[in-house]
Ligand SMILES: Nc1ncnc2c1ncn2[C@@H]1O[C@H](COP(=O)(O)OP(=O)(O)O)[C@@H](O)[C@H]1O
Ligand SMILES: [Mg+2]
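In the numbering used here, the protein residues as written are 331 to 558.
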């Protein structure tokens with residue numbers, strides 16, 4: 331087995347506004363290459379906090395976060411940002427696409443900030459291929475306002491994958507979609523996880539247990555700990 335992509339060791343989190351409440355309480359978690367699971371739990375139980383810490387967008391109050399074998403607390407902000415943009419892609423409930431840019435341009439945004447030199451024409455080729463793969467081959471030049479909710483979320487998925495991350499973190503990615511489009515989006519995430527050429531690990535947070543179960547493995551978060 332190779333090293334986990336991300337590992338949490340005894341991670342706890344509390345906020346200054348309520349220091350007596352441990353939102354996360356000594357969580358241990360490993361995400362290995364190519365694996366997938368869902369994290370479920372009621373609203374406010376700490377799912378987003380956990381995902382943000384996994385993705386190095388937030389830091390724990392206690393415990394350590396190890397990405398690609400490196401403890402985040404030993405790295406400066408620039409190194410963490412570089413690790414994050416190389417290893418991790420994010421999708422959120424709201425797509426956060428730039429309204430003035432086309433689908434293709436939106437997908438290419440993360441390549442502009444990528445610390446590794448990306449060949450712009452190669453990046454554009456990959457963007458086109460991925461957009462075709464998710465059924466948006468004829469929408470490359472469409473702006474977000476010209477796309478349906480499901481299509482916008484698929485653009486956001488492709489944008490998250492453009493830098494070939496090893497891990498995709500999805501926080502309530504179906505929260506703004508109807509049931510049919512929600513199921514379709516989860517099927518797409520599963521297909522990407524299963525495709526050998528991407529070798530992508532997938533962690534999806536949701537409060538919808540039936541969607542979570544589609545991923546096959548479900549971890550339940552309750553009172554700051556995993557219940558299973
Ligand atoms: N920046 C913050 N400051 C203070 N409390 C916060 C902050 N972010 C989240 N919380 C609290 O932490 C708890 C967990 O929040 P969150 O991780 O967003 O839950 P979930 O994603 O499961 O709905 C909630 O009680 C929330 O109010
Ligand atoms: Mg949340």
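For each residue, glycine too, the CB sits at the ideal point set by N, CA and C.
N- and C-terminal bounds of the beta strand (DSSP E) containing residue i
i	result
residue 550	548–552
residue 536	531–536
residue 559	An answer regarding residue 559 cannot be provided, because it is not within the stretch 331 to 558 covered by the chain.
residue 366	366–370
Nearest to residue i (by Cα), restricted to the options the options
i	options	result
residue 462	400, 489 and 390	489
residue 383	366, 402, 368 and 367	402
residue 357	363, 366, 377 and 345	377
residue 421	355, 528, 375 and 516	516
residue 456	528, 498, 366 and 371	528
residue 551	335, 371 and 410	371
residue 465	454, 487 and 451	487
residue 365	498, 538, 374 and 437	498
residue 398	410, 390 and 476	410
residue 537	471, 369 and 341	369
residue 336	345, 479, 400 and 510	400
Beta-carbon spacing of residue i, residue j below 8 Å
i	j	result
residue 541	residue 504	yes
residue 423	residue 506	yes
residue 285	residue 416	Look at the range of the chain in this structure, 331 to 558, and you will see that residue 285 is not part of it.
residue 482	residue 530	no
residue 549	residue 367	yes
residue 474	residue 429	yes
residue 362	residue 334	yes
residue 341	residue 395	yes
Unbroken alpha helix (DSSP H) run spanning residue i, endpoints
i	result
residue 501	Where residue 501 is concerned, there is no enclosing alpha helix (DSSP H), although the beta strand (DSSP E) it sits in stretches over 497–501.
residue 384	377–384
residue 414	407–417
residue 542	539–544
residue 358	Here residue 358 belongs to no alpha helix (DSSP H); instead the beta strand (DSSP E) covers 354–361.
residue 451	450–463
residue 343	Counting along the chain, residue 343 falls outside any alpha helix (DSSP H), though it belongs to the beta strand (DSSP E) covering 336–343.
residue 482	479–491
Contact set for residue i: own chain, Cβ-Cβ below 7 Å, skip 5 residues either direction
i	result
residue 467	461
Spatial neighbours of residue i in its chain, beta-carbon cut-off 6 Å, leaving aside the 5 residues before and after
i	result
residue 469	433
residue 359	338
residue 437	457, 488, 489 and 492
residue 557	550
Assigned exposure category for residue i - 16 Cβ within 10 Å defines buried
i	result
residue 392	exposed
residue 450	exposed
residue 512	buried
residue 279	A question about residue 279 goes unanswered here, because the residues of the chain that appear run from 331 up to 558.
residue 426	exposed
residue 349	exposed
residue 539	exposed
residue 443	exposed
residue 374	exposed
residue 546	exposed
residue 568	Here the chain covers residues 331 to 558 and nothing more, so residue 568 does not appear.
residue 501	buried
residue 379	buried
Closer than 6 Å from C-beta to any heavy atom of ligand 3: which residues, in chain order? Among the ligands in the structure shown, ligand 3 does not appear; only ligand 1 and ligand 2 can be found there.
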